[in-house]
Structure formats: C-alpha cells, structure tokens
C-alpha cells in the first residue's frame, strides 16, 4: 500500500462545490488502495478577509494574535473537507497543526519547522481513516502557542508530512498542469516539464516561478521527498520534482507518480538518463536595484557595505562590482533585493555614508530579472553566448549578469522582461507545439 | 485586586467597530485595578454561516468535524479582540478552549465540562495580561479532540472560568439592561430585576427567559458564582444573580457588582433582607402537548407510559392526569415537551399502544406556557388565586397547571400567551414607571 500526501491550495477549496470536487478526488485515491494524507489551505480569500479585519481593529497587529487569527482559516477548510469526505462514506479526520505534531520555532508569522511528530496521523491511518491536516500552521513547544509558517506554508506542511511519514510521493495540486518552461501567461507556447531535479526547481522557484514555494522545494530536497506538481482540474500527469541522489531511478519515480494519474500521456517519451540541458526560464519583477556609487577602491569596503545590509535582515540576491576607474580610485557596487526591503536598506546605508566613504546611492525599482535554469550550465559555454545573442537581437539591454552551477540570471528593464522571456524561450527550443491551458487564481 | 470574568456574546462583537468598543470596556475594567478574564462568542452570524457551509458539503455532518469547524468562529473573534486590546496599549492574550484547560466529556456538539485547569490563564494574569478565552469550546482528554458545549456554551464557559479562578464576579454582557420581570418586547412596562436568587433565575431560564442559559445558571448555583447580567451598551448596573446560601450577604454582592458600574442608579433602593415575593414572569412557545387518551385506570400505567417516553431521551416538562371518569375506568394523561421531540415520542408511544392499552394520542403544538417565579410561592395561597383570577378576567382559558416551591406554571392557547403575560405582570404589580429600552440581536 502506498502512502500519498496531497496538498490543495485555497483556489482548490474556494467554495462548497470545489470542496466536494476535491473530496471526490481524495476518495478516488483512497479507493485505488492508497493511504492518503491531505494538507489543505484556507478557502479562497479567507486569509485576506481575516487580515483586513485585523488591520481594522489594530493598525499594527501583534504577531501571536495574528497567528491565532489566521490559523482559523485552515481549521474551517479542513473540517469542511473532512465532512465532505465522510458524506461520501469514507472515514476522515481533520487535525490542526499542533494535533498533527507540526512543531516549529516561536517566530510568529514565519515560523520554521523544527520537528514533525505525526503520531496521531499514523494512528488514524492505521485505523483506515483519510487524514486531513491544516496547512500553514504549527505549534511551539516552549510557548505552547500556535504559529504560522508564512507564505507558501501549506506546500511546506505537505512536504514536511511526506518526509515524516515516509510517503511514497507528495502531490502538490494547483490550477496549472505542472511546472512550465516559462510562465504560460507570458509565453503561450511554454511547455510542461515532465521531470526536473529539486536543485533546478529550487533555482526556478528562487527566480520567480510561482507554482512551488522555494521553502517547500528546499525541504523536499533536504529530506529526499519526491514531488508531483499537477492540476486539480484533470487527471493528467504533471511535473515530477525528484532528488537525483536518490537510489530510486527516475523511471521508477515516474511510474510511481503515474500510478495515480490516468495514462493518456505520450508513451515512450521517458528516457530516464536523458536530462534536458535547459529546464526552464523564470522571470521576476519584485526586485529593485541599489547602486552604491563611488566606493573607495580599497580592501574591506564591500565587506563593510554588506555587513550594514545584513544587519537590516534584507535578502540580497545578485551583486555586481564594476571595474574600478583607475583615475578616481573609486568603484560602484550594485545589488538586487526585494522592493519591500529597499527603503530600510537605503536608510541604513545613508546613516553610515561618512564612515564607509561612498559618494551616493541610486535606487531603481524598474528592473526585471530573467533566470535560465538547467544542468551543466557553466561547463557549456555555448549557453551564455546563446542567451546574450538572443537578447541582443531583440534589442534588450543587459544590466547585470550572475551565474551559478545551474543558472544564469540577467537584469533588464522591467518593461522588456516579457519580451526577453519569449525570445529566450524560443532560442533554447523550449516552445511547445500546442498552447498551454491556464486556470486563474493562486493559493497559499 | 478583584478578578472579574466578562462574557460577550456574538452581537457584542459582530464587526470591527463593536470589537473596538468591547476592547475599550475591557481596558477600562483593567485600568480600574481589576484582573480581567473574557469569554467571547463567535462574531455575529459566523456560526450560522459555518453551519450553512457544512450542510452544503454534507447532508448529515459528522459531529467531530462539526466541532472542529464551529470552534474556528471563536478563534477568530478572540484573536481580533486581543489585537484590539493590544492596540490600546495593554497586554492581551487569547486562548482556545483546550489552551484554557476547559476539559469536557467526548459528546460532540453538547459536551459537558468535567474539569477546568486554567494554569496558563493564571500565568498570563500574573504577568499582568488581560486574558481572552474562546467561549463555547472545550477539549476531551481521551480522544484529544476539540468539543463544543452546545447552546449557551459561552455563558457556561464564563461561569466555569469564574468558578475555577475563584473570580469575584462573572459579568454576562448582553444587549438588554439585565433580567426583566417579563420579556420587554411583549411587556413594555417590564421592570429590571435588581437581584434574584440563582434558584429563581433557574426557574425563569427554564421557563423561557432567554437572556441567560439554564446550564450556565445551574453551574453558577452549584459553584457559588455570583453573576451580573448587564448591557454592553451602557454602564448601568444590571441584575445580580446570587446564591442565598453564600456567607456573603446581598448588600456586599451588590457593592461588589457596583464597583464596576457607574453609580447613577437609585440609592437607597436596596434592602438586603427584603426579597420580592414575585421575581418575574416568563413565557415559552417552544413546547407542544401530547395527550394519551383512554389510559386504563389501573396502577402502573403511568409508569409504563413515561418509561417509553424516557427511552426516547425526550425532556418532558409538565404532566397532568385528569380525574378518571368512573363510568369508563379510563383516564387521560397529558404532558408537555419541546416541539422538536414531539414526533419521536408519538412514534414510540404508537409502537406500544396495544401493550399499554390506551385508546389514542392527541398532539397539540399550539400551546403557550406561562411561569410565575418567586420565593415562598406555595406557602402563599393568594398567589395562585391572584394568577387564576387575572387570567379569567382577561378571558384566557387555563389548560394545565403545575406548581413547584418557587414557580406556578400554566398552559394556555399559544395565541393568548402575550396577553396572559401582560395581565399577570400587571396583576402582580411588576409594571415599571418607565418603558424598558431593548436592543436587537441575540448571542450564543
């Protein structure tokens, strides 16, 4: 008997009808002879409505009480889902984060999982029940308080449960057919990725692919959990995110995933050893660029600047230092960071301008980032050449470049980013023959 | 320092504005030097909305999951209330039923409290925090599941907390000024009762007074908790429900209650030893009457009938056996019970008609019940005479009569019950000089 963990986002359980549809799918999985554990998000806009209420009664809501408030959303959706399953004649039991043994640190609003002790879930499974767990929430042992995991928390809940219960697969249900080579809303010919390593997925997620949250992918990679990202609107096979270091080979993983899919996908398209060089292209418009102008070109200045930045807690991404102009003895240092953190970092830098000795600061929030992700990127010089040529031919200017083992990122003007995505997607032969179908809405 | 428990119903926390108003009142109580513990219901119509959703996904919702679902409502209101208090600069912490140590049996939907272990509440109070507790919900130790207490659950939560924390007073906030001598919507000249014993209150609640739930009054009586039923819309003194067996005298209780009220009520109106003979009049339209016609007038027949009724779990109230007609050797037995239980009991009786040997059954759901409550009712023969005369003069027919130590109940036609209430209220001199102000809405 396989153990399957399924995650359903807010758009999959937005109303009574959707909940009944999801209940049916869960029951089908159970009927196929699997044990089933489900992590579920709050219904549709519940979380936003609760946030609005909180801001109406308190301009700066206290974190402990915010978590108490927001965790009510999943309690509602999970109980309704359990009720719907029971009315189909199957035993179902819902569990809050604390009942499910989702132990976290005490950082309200963005708690990290420190332990998962799913004793009650295992008991319920042994008794033949379908288990429903509230996504997004946990419990701190020291304060005995309820916590929430922050953005993408329900994905993380599902992956953590899959790891703790040693599940055969963790299915992430969403409103698209899987992970695509690019955002299908921008590139209609984007093609679905059949399988991708967790490392590549990590780069795609970190660079703006919205289907899976980076944190869940990290957790899956660290604990060897195989993910199957698929649509809750059909039975098609989605995208397998696997850990290449696993002893199980890719063909087995695909077969495992396929066991719960219908089989009308192309046969013969899998060849377990053939990894596509380019996995996909992601874009991100949420970042800004800060340039520290006229930094004295003497050792230790970069360290001084980034120590100041680190103190603000900002997540910086790409860093580029220009070649020093010999005549001035000064250089410029640019870096990207989330727009939301821009003003804090500018303030921190300005406060110590005299001490560091730079001449000025520039802030630019009209940038776009494009990342090309795939295996063996650096060892294949042709990849960057092809990328830069495609952008040049489309008249798109590159402002910053950064590379890693499996990724090349470039920064362009924000208003050229969609053009950049399309030309790069085409240049690397990722265009599909047919056009992808996209449903609306996003969950948490 | 006094410890005050306050209960706010759903209509007092119906929206963000109401929550802010209640938060202000709580902070004022804290500022006056009291420790404060608050039990709160779900916001306005939340519970009904959740019930509707449950019935949409499951025609017969499973009890465990229903409790999981419904308990989310209080989680939302209590977190919002805590947020609102914190934004007024006071430390506030909310606790679920299980965090508050509200231990119940496992009867989902109508769980009974078996123990209250408010360790975390005491800790939070010692740290100077205002404590907010989810009303209506508890936790079963054996199943480790969340339970709900059923109708009036939040009143019971407040009283149970007051008992466990040895509170000085338990304030029940509502949308009327206190307990009235009759329903002010029917009798505009009903007057507010200043103080009433818990026994009399129990009779009023059991006979249809809706402001306090009978279960909460029972709990208060058994544990010696003094209640103060008052309006959340003003600072007037409400009604003190006290236990006459307490060593503290009524004057002290009133002074205690007054400490948190403004003092613009009539001075000199209290005389601790003077108990009004009649506390109030209550009416109830929720019952029906079953008459078992032609019961053989031989010993054991009544026992046989009421054993059958007891097996259905029905709560029967008044029982009247007519005098046997000597010619037939048969008699009629009538009793009242909640309308909701009528069909079940009729079915049970019909099944054993041959064995019991009665001739037929009559069902009448157009009855009204009026109860006159007060101390020393039976020892004062004039009370029943005055009651029957008042009804006779108003042309109202009495169909059944039943009496207890502190109550006389009569059954009339349903459509005459409001007239009956008014004439009885006047006959016993309960009419006030001015007209009571009534706000809309009811909580849970």
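Chains as they are written, first to last, in the working numbering: chain A, 1 to 444; chain B, 1001 to 1444.
The C-beta atom is built at its ideal place from N, Cα and C for all residues, glycine as well.
None of these values were measured; they are calculated from a predicted model.
When you compare only the Cα positions, how much space is there between residue i and residue j?
{"i": "residue 1290/B", "j": "residue 1199/B", "result": "28 Å"}
{"i": "residue 280/A", "j": "residue 133/A", "result": "32 Å"}
{"i": "residue 1385/B", "j": "residue 1399/B", "result": "16 Å"}
{"i": "residue 1219/B", "j": "residue 1314/B", "result": "22 Å"}
{"i": "residue 121/A", "j": "residue 1187/B", "result": "56 Å"}
{"i": "residue 1333/B", "j": "residue 1302/B", "result": "8 Å"}
{"i": "residue 336/A", "j": "residue 319/A", "result": "7 Å"}
{"i": "residue 63/A", "j": "residue 342/A", "result": "23 Å"}
{"i": "residue 1266/B", "j": "residue 1201/B", "result": "With a pLDDT of 33 at residue 1266/B, under the threshold of 50, the modelled position of this residue cannot be trusted; read the value that follows with caution. If I take the Cα positions, the gap works out to 23 Å."}
{"i": "residue 241/A", "j": "residue 125/A", "result": "26 Å"}
{"i": "residue 75/A", "j": "residue 1016/B", "result": "22 Å"}
{"i": "residue 118/A", "j": "residue 102/A", "result": "8 Å"}
{"i": "residue 3/A", "j": "residue 150/A", "result": "26 Å"}
{"i": "residue 1035/B", "j": "residue 1171/B", "result": "13 Å"}
{"i": "residue 355/A", "j": "residue 1047/B", "result": "60 Å"}
{"i": "residue 58/A", "j": "residue 1044/B", "result": "19 Å"}
{"i": "residue 1369/B", "j": "residue 1414/B", "result": "8 Å"}
{"i": "residue 1/A", "j": "residue 11/A", "result": "30 Å"}
{"i": "residue 419/A", "j": "residue 114/A", "result": "42 Å"}
{"i": "residue 365/A", "j": "residue 288/A", "result": "4 Å"}
If we cut at 8 Å on Cβ distances, does residue i have a partner in chain B?
{"i": "residue 80/A", "result": "yes"}
{"i": "residue 21/A", "result": "no"}
{"i": "residue 62/A", "result": "yes"}
{"i": "residue 118/A", "result": "no"}
{"i": "residue 28/A", "result": "no"}
{"i": "residue 54/A", "result": "yes"}
Using a beta-carbon distance below 8 Å, is residue i in contact with chain E?
{"i": "residue 1303/B", "result": "No chain E appears in the structure shown, which is made up of the protein chains A and B."}
With DSSP as the reference, please indicate the residues paired to residue i in a beta bridge.
{"i": "residue 1338/B", "result": "1287/B"}
{"i": "residue 1095/B", "result": "1133/B"}
{"i": "residue 282/A", "result": "371/A"}
{"i": "residue 28/A", "result": "DSSP, once it has assigned bridges, lists no residue as partnering residue 28/A."}
{"i": "residue 404/A", "result": "407/A"}
{"i": "residue 148/A", "result": "137/A"}
{"i": "residue 1231/B", "result": "1174/B"}
With distances taken between CB atoms, is the gap from residue i to residue j smaller than 8 Å?
{"i": "residue 104/A", "j": "residue 73/A", "result": "no"}
{"i": "residue 1037/B", "j": "residue 1005/B", "result": "yes"}
{"i": "residue 206/A", "j": "residue 193/A", "result": "no"}
{"i": "residue 286/A", "j": "residue 339/A", "result": "yes"}
{"i": "residue 230/A", "j": "residue 178/A", "result": "yes"}
{"i": "residue 1208/B", "j": "residue 1284/B", "result": "yes"}
{"i": "residue 293/A", "j": "residue 359/A", "result": "yes"}
{"i": "residue 155/A", "j": "residue 7/A", "result": "yes"}
Give every residue of the same chain whose Cβ lies closer than 6 Å to the Cβ of residue i, excluding the five residues on either side of it in the sequence, and list them in chain order.
{"i": "residue 1416/B", "result": "1396"}
{"i": "residue 1094/B", "result": "1078, 1079, 1082 and 1132"}
{"i": "residue 1068/B", "result": "1146"}
{"i": "residue 1106/B", "result": "1140 and 1143"}
{"i": "residue 1204/B", "result": "1280, 1282 and 1373"}
Taking 8 Å as the CB-CB cut-off, is residue i touching chain A?
{"i": "residue 1010/B", "result": "no"}
{"i": "residue 1394/B", "result": "no"}
{"i": "residue 1099/B", "result": "yes"}
{"i": "residue 1121/B", "result": "no"}
{"i": "residue 1084/B", "result": "yes"}
{"i": "residue 1127/B", "result": "no"}
{"i": "residue 1058/B", "result": "yes"}
{"i": "residue 1144/B", "result": "yes"}
Given residue i, which residues of its chain have a CB within under 8 Å of its CB, disregarding the five upstream and five downstream residues?
{"i": "residue 1357/B", "result": "1295, 1296 and 1301"}
{"i": "residue 427/A", "result": "386, 387, 389 and 390"}
{"i": "residue 1086/B", "result": "1092"}
{"i": "residue 191/A", "result": "180, 181, 430, 431, 432 and 436"}
{"i": "residue 1055/B", "result": "1061"}
{"i": "residue 348/A", "result": "308, 309, 311 and 312"}
{"i": "residue 1099/B", "result": "1120"}
{"i": "residue 1020/B", "result": "1084"}
So, at 7 Å on beta carbons, what are the nonlocal neighbours of residue i in its own chain, with the 5 sequence-adjacent residues on each side left out?
{"i": "residue 263/A", "result": "Confidence in residue 263/A is poor, its pLDDT being 37 and thus under 50, which makes the residue's placement unreliable; the coordinate value appears in the next sentence. Here the set comprises nothing."}
{"i": "residue 211/A", "result": "174, 176, 179 and 229"}
{"i": "residue 1023/B", "result": "1081, 1084, 1085 and 1088"}
Cβ of residue i versus every heavy atom of the ligand COA: is any distance shorter than 7 Å?
{"i": "residue 1052/B", "result": "As presented, the structure is devoid of all ligands, the ligand COA included, so that no description of it is given."}
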